[in-house]
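Working notes, structure below.
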Amino acid sequence: MASDIRSSIEKATASSYSNTERASSLSSSTTTNLHRSSAARANTGPLARVSVTNIERATGATKTFSVTYADSSGINLRSIGSRNILVTAGNKFRQFARLVSPAKFVAGSKNTRAIATYSITARDRAWSANENGRYSISLQGRQVKDTLGAFAAPRKLKDFLVDVPTVSFVSGAITAPGEYTLRVNYRDRNNISLPRIDSADLAVSGGPTPLNVQFVSAEQGRTGTLATYRISAPDSRFDPDDYGTYSISLRANQVSDIARNFVQPGLIRSFTVNEAALPPIGLLGSERTIESGAQNHLFTVTYQDNGSVDATTLGMDDVRVTGPNGYNQLAEYVGSQTGANGLTATYRISAPGGSSWGADETGAYQVSLVANQIADNNGNTNVAATLGSIQVNPQSLRFEAETFTSDGSYFVERSVTTASGGRVLRVRQQSTPGQASRLFTGPSGTYNIVVGYFDENDGVAKLSVKINNTLIDSWNFDQNLGSTTATSQTFVERQIASGISVSRNSTINLEGIFAGGEAARVDYIEFIRV
Numbered sequence: 001m002a003s004d005i006r007s008s009i010e011k012a013t014a015s016s017y018s019n020t021e022r023a024s025s026l027s028s029s030t031t032t033n034l035h036r037s038s039a040a041r042a043n044t045g046p047l048a049r050v051s052v053t054n055i056e057r058a059t060g061a062t063k064t065f066s067v068t069y070a071d072s073s074g075i076n077l078r079s080i081g082s083r084n085i086l087v088t089a090g091n092k093f094r095q096f097a098r099l100v101s102p103a104k105f106v107a108g109s110k111n112t113r114a115i116a117t118y119s120i121t122a123r124d125r126a127w128s129a130n131e132n133g134r135y136s137i138s139l140q141g142r143q144v145k146d147t148l149g150a151f152a153a154p155r156k157l158k159d160f161l162v163d164v165p166t167v168s169f170v171s172g173a174i175t176a177p178g179e180y181t182l183r184v185n186y187r188d189r190n191n192i193s194l195p196r197i198d199s200a201d202l203a204v205s206g207g208p209t210p211l212n213v214q215f216v217s218a219e220q221g222r223t224g225t226l227a228t229y230r231i232s233a234p235d236s237r238f239d240p241d242d243y244g245t246y247s248i249s250l251r252a253n254q255v256s257d258i259a260r261n262f263v264q265p266g267l268i269r270s271f272t273v274n275e276a277a278l279p280p281i282g283l284l285g286s287e288r289t290i291e292s293g294a295q296n297h298l299f300t301v302t303y304q305d306n307g308s309v310d311a312t313t314l315g316m317d318d319v320r321v322t323g324p325n326g327y328n329q330l331a332e333y334v335g336s337q338t339g340a341n342g343l344t345a346t347y348r349i350s351a352p353g354g355s356s357w358g359a360d361e362t363g364a365y366q367v368s369l370v371a372n373q374i375a376d377n378n379g380n381t382n383v384a385a386t387l388g389s390i391q392v393n394p395q396s397l398r399f400e401a402e403t404f405t406s407d408g409s410y411f412v413e414r415s416v417t418t419a420s421g422g423r424v425l426r427v428r429q430q431s432t433p434g435q436a437s438r439l440f441t442g443p444s445g446t447y448n449i450v451v452g453y454f455d456e457n458d459g460v461a462k463l464s465v466k467i468n469n470t471l472i473d474s475w476n477f478d479q480n481l482g483s484t485t486a487t488s489q490t491f492v493e494r495q496i497a498s499g500i501s502v503s504r505n506s507t508i509n510l511e512g513i514f515a516g517g518e519a520a521r522v523d524y525i526e527f528i529r530v
């Protein structure tokens, strides 16, 4: 009977205290969530809420966080200790959090809330990029209890991140007689600040010679920020006086994320400079212009090395040439010859489609050395490199009339044996003027312009030529050349402009008028540089 009365008094007191707490309308959402009526929480033990922040920069050995325990029956402070909380991570981290100091009741809570501060220690005595990962804070069972002896239920309370910005080595190689190219990846959840990446990021030590560091580029991608640096000898060439092993380190307080959390400094990579370590390099020869009408083009690449280049490694896969209109061709290896400046190899490329280089092929063609094709006598192979460009710049640019685009008023007439390419452009019918156009794909410059056409004697057709809607010439096909058909007898060339300035991608317009039996047949329009 006495125990029933005591139980009733305790429940009434707890219920009354819970109602008083609700009436106080505390502003803290934490207080609201932590307090529950004892009726709803009978025998569930204290509730726990953790307060923790992420680690976003390298720091000392310990990480502290706090846990607030709440129970309307009151918290048993003696149950709060260093076995309450377990912290784990996917990197095999597993550690019970140490209670930093005795837990204390929250002022004014009437012993229903208590705060405990815990700490964990990094495995290598510092929270650095080596500790990066997601960490889980879990309350253990049968640890923290209320004054009635009910234990808090075991559960995961919260995760926090260790996300210190990192730098990792991507690639490094000696890419020129006096250059080492380094690529590193900076990575952080908050994104790396691109403006903070510069030539002051790296320090190079060791070796007999101070080397220069130059920032080249940085590009953000899905897996981080790829940064490229060039480390070079003072005189642009590694000489025997420079031979040695060099260490590349990231300086402190240089590269950071957008929240100014700095990447941890330290060694990135070491590299050795000696005669055996230097790869062969390629130098493009002087044959950098392709003449109009040529079907093939020969050019040379001279390979140099501190030792000697192995001529047996030269072949058909050494050099790739790319250019306008999707041109992409591996140059054909022709032969090589050893000279005072190195081993000079000759290569051949052909015009698109096996025809000849003409107006539509005008432009710069990039010559690139394919990686790992050329070796020296030490077994070092070349790195990929752009050697330069070859310019297709014909003096005469002939655009066949059949390459013009028409709305249907002009059409291509085939099997005209005397025409260039066997085809001409002719107006479809008398009632509608023929309209056709195309872009000028040659280089900007000064030209004389010549039109090739057929002037038959069965009518008087008319042709007008415009460039960017400016009339260049307009004339009648009114010569009597003794034939009514398109033959060599009726073929005519007319110079319609002299010394005119034409810009690349200008629009050329043809407008022909069908008269009598003459259909204003046009063979080509030619631009001759002056």
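So that you can map any letter, position 359 of the sequence shown is 359 in my numbering, and since no number is skipped, the others follow by simple counting.
Cβ coordinates follow ideal geometry from the N, Cα and C atoms, glycine included.
Quantities reported herein were computed from a predicted structural model and do not represent experimental measurements.
Annotated three-state conformation of G326 is helix, per DSSP.
According to the DSSP assignment, G512 belongs to the beta strand (DSSP E) that extends over T507 to I513.
In the three-state DSSP reduction, D376 falls in the strand class (E or B). The DSSP-derived three-state label of A176 is strand.
The beta carbon of A375 sits closer than 6 Å to the beta carbons of D310, T313 and T381 from its chain, once the five residues preceding and following it are set aside; these are given in chain order. At the C-beta level, A97 and V106 stay beyond 9 Å of one another. A check of alpha carbon separations from A89 across S51, N76, S501 and K158 identifies K158 as the nearest. A straight line joining the alpha-carbon of R521 with that of E287 spans about 40 Å. Straight-line spacing of the CA atoms in T59 and I115 works out to 25 Å. Sixteen is the threshold: since fewer than 16 other Cβ atoms of the shown chains lie within 10 Å of the Cβ of V492, the residue is exposed. For T485, the secondary structure class from DSSP, reduced to helix, strand or coil, is coil. Boundaries of the beta strand (DSSP E) around S498: F491 to V502.
Three or more Cβ pairs drawn from the stretch 270 to 285 and the stretch 238 to 250 lie within less than 8 Å of each other, which places the two stretches in contact. Excluding its 5 nearest sequence neighbours in each direction, T44 has C-beta neighbours in its own chain below 7 Å: A150 and A153, listed in chain order. When C-alpha distances from P208 are compared across P195, V184 and Y243, the shortest belongs to Y243. By the criterion of at least three beta-carbon pairs nearer than 8 Å, the stretch 410 to 420 is not in contact with the stretch 470 to 477. Per DSSP, reduced to three states, the secondary structure at D71 is coil, with no helix or strand assignment. Taking one beta carbon from each stretch, the stretch 56 to 70 and the stretch 169 to 187 have fewer than 3 pairs nearer than 8 Å; the two do not touch. DSSP, read as helix, strand or coil, puts T147 in coil.
Distance from the Cα of F93 is smallest, within the candidate group S73, R78, I120 and I80, for I120.
Per DSSP, D235 lies in no beta strand (DSSP E) segment and is marked neither H nor E. A direct Cα-to-Cα measurement between S396 and T223 gives close to 50 Å. Following the DSSP letters along the chain, one finds G445 inside the beta strand (DSSP E) bounded by residues G445 to F454.
The beta carbon of S501 lies closer than 7 Å to those of T446 in the same chain, with the five residues before and after it left out. N341 counts as exposed, since fewer than 16 other beta carbons sit within 10 angstroms of its beta carbon.
A check of alpha carbon separations from D235 across A218, P177, V427 and A126 identifies P177 as the nearest. A distance of 9 Å or more separates the beta carbons of K466 and E402. Taking a C-beta distance under 9 Å as the contact criterion, G388 and Q366 qualify as a contact pair.
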